[in-house]
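Residue numbers (our numbering): 4 to 797. For every residue, glycine included, the Cβ atom is placed at its ideal position computed from N, Cα and C.
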């Protein structure tokens with residue numbers, strides 16, 4: 004089932020909401036006049052490793068005439084006024100620290116520009132050697148990250164073509180990552196999407212996507228977190244630091260920004276797919292506490308003719324927030340949350356002459372809910388140590404009920420999925436700097452899991468089979484320690500260990516992680532890394548039920564974690580102040596993969612299979628080998644480009660010991676993004692942006708159809724004895740984003756057009772059975788996602 008699906012009945016409530024919202028912002032736009040005012044840039048400067056503020060740091064806005072600048076006050080805060088609207092590079096210098104350049108900062112009306120700038124102490128700088136400042140936009144926020152990582156900004160998510168304000172879709176433009184049009188599932192270096200770890204504010208959360216796990220475990224339709232909320236975040240594609248556990252392929256480590264603590268600001272965005280409202284500001288003016296909140300309601304009714312078939316009435320809404328309370332100079336208390344709810348469904352086609360496929364005679368309803376909320380308290384214990392404590396509750400619920408017409412034209416229950424997972428987390432992290440050359444992070448996460456799983460399916464003879472029926476709880480405990488050591492002026496060592504224990508089956512792991520970086524010159528660096536990682540499987544597979552000698556057994560309760568060893572090399576060349584080249588060869592070895600004895604089945608290939616009852620053993624293996632290439636120019640003088648290429652091979656061995664292509668062995672992924680900005684207008688207070696993305700991907704692997712068995716069963720049956728011997732057609736598509744931004748005295752306004760799959764290319768999803776002609780037919784559908792929207796910031 005594709006996430007983006009055809010809606011056969013117009014959702015008038017959703018259309019009215021979008022029209023009313025669009026009308027409101029148009030009225031608001033026409034209520035004001037047009038000349039632009041000068042704006043303010045302010046923020047705070049901190050030590051990257053200890054979070055201590057840095058009084059006396061020098062701030063310079065490089066591309067103004069005359070030059071504008073200031074120094075931070077006793078609290079590490081700075082403020083620069085009377086700045087014309089536009090983009091600027093801001094350089095920060097401080098004695099004993101590496102100079103930092105924050106590039107292409109957008110200054111606009113209607114929203115203050117607030118920065119948190121993190122600086123790294125430098126032993127070289129302490130010795131009096133001059134350090135040239137580069138705009139290290141590619142550098143991860145996490146100071147422990149050294150390889151296979153990059154920083155992601157939400158400004159990029161709204162600007163890059165194909166991103167549609169979704170960080171997951173934006174990530175598919177990065178080297179080593181592949182996606183699809185129908186969902187935002189992330190395939191990293193040939194791994195299944197379920198291997199990705201999602202974190203928010205340091206806490207593991209369920210996949211923060213609408214319609215998560217409906218078509219792909221680990222994937223959804225579109226993000227549930229608005230780009231209005233996110234601060235700069237990190238994305239890892241391999242050998243990630245020791246603080247990250249329960250992940251095989253990668254990590255998406257997201258941070259929510261703090262709201263404006265001086266001025267109340269609001270954003271309204273209305274478009275074809277819904278409305279979005281954000282607000283932020285101080286609780287009490289003159290105090291340092293702040294709030295930030297975003298609500299979104301969406302319906303895809305207006306674009307239903309452009310979407311594939313199989314459902315009705317797609318609706319979703321989400322609410323996210325963050326409350327921030329500084330507790331003096333030494334501590335900060337924050338509360339945050341994200342909640343989403345989704346609904347979709349389909350009806351039997353009214354015209355029986357159009358009944359061709361089973362989806363035409365089926366009705367289904369799908370409901371999803373996801374929630375995550377936490378409280379974090381960060382306290383600075385000394386000039387070299389801080390403690391971060393967090394408590395959080397997360398959970399997700401999926402209910403899916405499907406019915407089908409029988410020969411007597413009566414609907415009978417076909418499938419029923421009901422799963423409710425919750426997790427309560429207590430987390431401690433201590434960060435200590437032993438000196439300018441040694442930083443250590445040590446922590447523990449205690450996760451108390453509760454679950455209620457009920458999976459049933461009709462065998463076509465009015466007999467329901469229960470695949471899983473379990474209510475219970477267990478605990479996942481994770482502990483880690485990691486040190487970053489500057490061995491010499493040009494060598495950095497990062498070493499640590501992660502351990503996790505799952506009480507359901509008493510599985511215990513010890514996972515070493517180590518990386519070494521050599522900064523050969525100011526422009527050349529070389530890195531090598533190794534990491535052992537592990538992850539638990541979807542809970543429903545542990546509770547699969549079988550009947551034996553009149554009793555019910557659960558053969559998979561003793562399943563161990565799947566293991567993955569990452570070996571990575573990296574060469575990075577700074578080809579200019581605003582450009583770079585990166586080459587990363589890698590090898591990933593999979594072990595203890597759950598497989599079915601004497602079968603080609605392996606959990607390494609799992610895309611989605613709710614109804615599973617077979618016995619599994621941890622005897623499978625596999626590997627992913629390849630190289631990622633990145634050539635990038637960061638936005639400068641209004642122009643940027645990003646070229647990424649991934650060449651790889653992904654193999655696995657199932658329970659029969661035969662080596663085969665894995666499902667996600669695309670072999671190659673190539674992306675080319677570029678964009679240009681102009682500042683037209685008398686006072687250069689407008690911003691026109693055009694952005695393009697062209698992608699070419701190899702097709703996923705698929706098992707051949709067993710036509711004889713399909714005709715007997717009147718349904719598509721695949722030949723799993725020859726698993727994944729065929730390959731889906733290669734995919735190529737073009738995305739486009741354009742925006743027009745205008746600064747007014749009291750607000751700024753932005754028109755934008757976003758178009759995914761501009762050329763209407765079809766995706767191949769597999770096969771389906773035509774019961775009218777008794778033939779198996781290929782399923783190819785066009786997924787097009789257009790969005791025309793209008794946004795005001797005031």
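- In this structure, residue 286 lies away from residue 152, with their beta-carbon atoms at least 8 Å apart.
- Three or more Cβ pairs drawn from the region 621-638 and the region 588-598 lie within less than 8 Å of each other, which places the two stretches in contact.
- One alpha carbon belongs to residue 265, the other to residue 327, and they sit about 13 Å apart.
- Burial check for residue 333: the Cβ neighbour count within 10 Å stays below 16, so the residue is exposed.
- Distance from the CA atom of residue 437 to the CA atom of residue 145, rounded to whole angstroms, is 18 Å.
- Per the C-alpha coordinates, the member of 411, 441, 427 positioned closest to residue 397 is 427.
- The Cβ neighbour count for residue 655, taken over all protein chains shown within 10 Å, is at least 16; the residue is labelled buried.
- Its Cα nearest to that of residue 345, the residue 321 stands out among 363, 321, 358, 279.
- In terms of Cβ geometry, residue 781 and residue 767 form a close pair [threshold 8 Å].
- The Cβ-Cβ distance between residue 212 and residue 185 does not fall below 8 Å.
- A residue is called buried once 16 or more other Cβ atoms fall within 10 Å of its Cβ, and residue 668 is buried on that count.
- Taking each of 547, 590, 542 in turn and checking the Cα distance to residue 425, the smallest one comes out for 542.
- The beta-carbon distance between residue 450 and residue 479, rounded to whole angstroms, is 4 Å. This is short enough to meet the 8 Å contact definition.
- If only uninterrupted beta strand (DSSP E) runs of at least 3 residues are considered, those enclosed by the region 470-505 are 494-505.
- The region 122-209 contains, as complete alpha helix (DSSP H) runs of 4+ residues, the segments 126-129, 157-162, 170-174 (chain order).
- Taking the CA atoms as reference points, residue 358 sits about 49 Å from residue 377.
- The region 369-433 contains, as complete beta strand (DSSP E) runs of 3+ residues, the segments 388-408 (chain order).
- In the structure shown, the three-state DSSP call for residue 64 is strand.
- Annotated three-state conformation of residue 549 is strand, per DSSP.
- Separation of residue 678 and residue 90 (C-alpha to C-alpha, rounded to the nearest whole angstrom) is 15 Å.
- Taking a contact as a CB-CB distance under 8 Å, the pair residue 295 and residue 260 counts as one, their CB atoms being some 7 Å apart.
- Counting of Cβ neighbours within 10 angstroms places residue 47 among the buried residues, the total reaching 16 or more.
- For residue 349, the enclosing beta strand (DSSP E) has its first and last residue at 334-349.
- Using a 10 angstroms sphere on the CB of residue 330, the tally of other CB atoms stays under 16, which defines it as exposed.
- If one requires a minimum length of 4 residues, no alpha helix (DSSP H) run lies completely within the region 612-686.
- Note on residue 757: 16 or more other CB atoms within 10 angstroms of its CB, so buried under the neighbour-count rule.
- In this chain, the alpha helix (DSSP H) harbouring residue 712 covers 710-716.
- In this structure, residue 616 places its C-beta atom within 8 Å of the C-beta atom of residue 547.
- In this structure, the CA atom of residue 56 is about 9 Å from the CA atom of residue 75.
- Rounded to whole angstroms, residue 278 and residue 271 show a C-alpha spacing of 8 Å.
- Judged by DSSP in its simplified three-state form, residue 542 adopts helix.
- In this structure, 325 is the residue among 318, 274, 325 with its C-alpha nearest to the C-alpha of residue 284.
- In the displayed model, residue 363 falls within a helix according to three-state DSSP.
- The secondary-structure analysis by DSSP pairs residue 517 across a beta bridge with 498, 533.
- Membership of residue 80 in the beta strand (DSSP E) is indicated by the continuous run 80-86.
- For residue 719, no beta strand (DSSP E) run applies, since DSSP gives it neither H nor E.
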